[in-house]
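Asker:
Residue numbers (the numbering used here): 189 to 297.
1) Please report how far the alpha carbon of residue 215 lies from the alpha carbon of residue 246, in whole angstroms.
2) To the nearest angstrom, report how far apart residue 256 and residue 281 are at their CA atoms.
3) Answer yes or no: do residue 279 and residue 297 have a C-beta to C-beta separation smaller than 8 Å?
4) Are the CB atoms of residue 233 and residue 219 nearer to each other than 8 Å?
5) Specify the secondary structure class of residue 259 as computed by DSSP and reduced to three states.
6) Measure the CB-CB distance between residue 251 and residue 198 and report whether it falls below 8 Å.
7) Nearest-angstrom Cα distance between residue 260 and residue 270?
8) Excluding sequence positions up to five away, which residues of its chain have a Cβ less than 8 Å from the Cβ of residue 229?
9) Could you pull the DSSP bridge partners for residue 229 from this structure?
10) Which one of 289, 195, 212, 200 has the shortest CA to CA distance from residue 258?
11) Measure the CB-CB distance between residue 264 and residue 249 and report whether it falls below 8 Å.
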C-alpha cells in the first residue's frame, strides 16, 4: 500500500471510530467525549475519566490503540486491521476495551 493510500485509510478508520462513539453517546449507551488532533483520537469515558487513544503510525503503516489493557498495534491484512501479536480484529478489540473501560457493552461494528 502506498503512503497516500495508508493515510486515506487511516483517516477513514479514525472518522468511523469517532462517528461510532458519537452514535453510542447519542443513544445514551456510553458517556464519552472524543477529541481529535491530526492522526490522534482521544476517547474519554466521562464517568471514570479513563481514556483510550487511537492513532495512526504512517511510517509503519499501522493503527495503534492505547487502553487500560495495554498498547496494541494493528496492520492491514486484506480488508481488516489485524493485531500484530495475536491477529485479533481492530474493531472487535476496540469494542472490548471500550466495554471494559466504559462499563457498558460497546459494539462498534
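Ideal Cβ positions, reconstructed from N, Cα and C, are used throughout, including at glycine.
Answerer: With the structure as the only source:
1) Going by the C-alpha atoms only, they are around 33 Å apart.
2) For residue 256 and residue 281, the distance between alpha carbons rounds to 12 Å.
3) Result yes, Cβ atoms of residue 279 and residue 297 sit closer than 8 Å.
4) Residue 233 places its beta carbon less than 8 Å from that of residue 219.
5) The answer is strand: DSSP assigns residue 259 an E or B state.
6) In terms of Cβ geometry, residue 251 and residue 198 form a close pair [threshold 8 Å].
7) Between the alpha carbons of residue 260 and residue 270 lies a gap of roughly 10 Å.
8) Around residue 229: 202, 205, 206, 222, 223, 241, 242, 243.
9) Paired residue(s): 224, 242.
10) Considering only alpha carbons, the answer is 289.
11) Contact annotation: residue 264 and residue 249 have beta-carbon atoms nearer than 8 Å.
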